Amino acid sequence: MEQINSPVDVISVCSANGDIRPLRLRMETKDHRLLRVDIDEIVSSKKIQYVGIEAQIFLCRATVEAKEWLFELKYTIRSHNWCLLRRVY
94 MEQINSPVDV ISVCSANGDI RPLRLRMETK DHRLLRVDID EIVSSKKIQY VGIEAQIFLC
154 RATVEAKEWL FELKYTIRSH NWCLLRRVY
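Using my numbering, the first residue of the sequence shown is number 94, and each one after it goes up by one.
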């Protein structure tokens, strides 16, 4: 998971008041395998706006292949796109 700012597929849920929460993501690894990551916990989330683009950043925790990952997901509101920003070590 070394790719930075790469697009990923995400399954998310929206609450009645419009809050969005990612549940699972799928990404392609360097060796072209599809990797499914179930998100165990949303550690934090924040809304950001830069250059007129509204987005929400989620700091997530997951267990993948017996290792704990801490990573940031970005959801761009206007374009409805998800991307993996970075892995936090």
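For every residue, glycine included, the Cβ atom is placed at its ideal position computed from N, Cα and C.
Nothing here was measured: the structure is a model prediction, and the numbers come from that model.
Looking at the DSSP output, L116 bridges to nothing. In the DSSP assignment, A159 falls outside any beta strand (DSSP E), carrying neither H nor E. In the structure shown, T169 falls within a strand segment according to DSSP collapsed to helix, strand and coil. The DSSP-derived three-state label of R180 is strand.
Between the alpha carbons of Q142 and A148 lies a distance of about 6 Å. When DSSP states are grouped into helix, strand and coil, I97 belongs to the coil group. K140 and T156 have their C-alpha atoms some 25 Å from each other.
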